[in-house]
Amino acid sequence: MNTKTMRYALFPAILAALLSGCLSVYKVEVQQGNVVTQEMVDKLKPGMTRNQVRFVMGTPLVTDPFHPERWDYYYYLRRSNEPAGESQRVTVVFKNDTLVAVQGDTRIKSDTPATGESAVKPAPVKPDKSY
Numbered sequence: 004m005n006t007k008t009m010r011y012a013l014f015p016a017i018l019a020a021l022l023s024g025c026l027s028v029y030k031v032e033v034q035q036g037n038v039v040t041q042e043m044v045d046k047l048k049p050g051m052t053r054n055q056v057r058f059v060m061g062t063p064l065v066t067d068p069f070h071p072e073r074w075d076y077y078y079y080l081r082r083s084n085e086p087a088g089e090s091q092r093v094t095v096v097f098k099n100d101t102l103v104a105v106q107g108d109t110r111i112k113s114d115t116p117a118t119g120e121s122a123v124k125p126a127p128v129k130p131d132k133s134y
């Protein structure tokens, strides 16, 4: 076979091989932050200490040195087949090292992050010593 005809015969095969890799692009699922479920939020009671809240919710993603009485739990999930991601935010507020408020996405579905925004401030009650 002639070298010139060999080039023309290989060119479409090489071009097809190169383009086939570009047609199906793998997109990574991005998951960041703290996963917070409704069960976790339901366990929070006014008067809980910081250690008790950390035991229920886990270590907060953000502890702001300018707001030491507040812990922020953020969660972001972007699935590979969706262009936009879902986010969730729960803020726990302390006063004198005891829990006084839970703000943010407090009505959370058990399988997926919440989309609604609400603010729930629990009524002050006597702390239960059984924690």
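Okay, so the sequence shown: first residue is 4 according to my numbering, each after it adds one.
Just so it is clear, CB atoms sit at the ideal spot from N, CA and C, and this is done for glycine as well.
Since this is a predicted model, take the numbers as computed values, not measurements.
Using CA atoms only, rank isn't needed, just tell me which of the options is closest to residue i.
i	options	result
K46	L13, F14, E89 and G61	G61
R87	Y11, E32 and A12	In the sequence as displayed, the identity of residue 87 is Ala instead of Arg. Cα-wise, what sits closest to A87 is E32.
R81	F14, A19, Q34 and D108	Q34
Q55	A16, D108, Y11 and F97	F97
R57	V44, P68 and S83	V44
D100	P71, V38, S83 and Q106	P71
R53	D108, A19 and V103	V103
What is the DSSP secondary structure of residue i, counted as helix, strand or coil?
i	result
F69	coil
T40	coil
V103	strand
L13	helix
K98	strand
T62	coil
R82	coil
D45	helix
V56	helix
Could you check if residue i is buried or exposed, using at least 16 other CB atoms within 10 Å of its CB as the buried criterion?
i	result
Q91	buried
T66	exposed
T8	exposed
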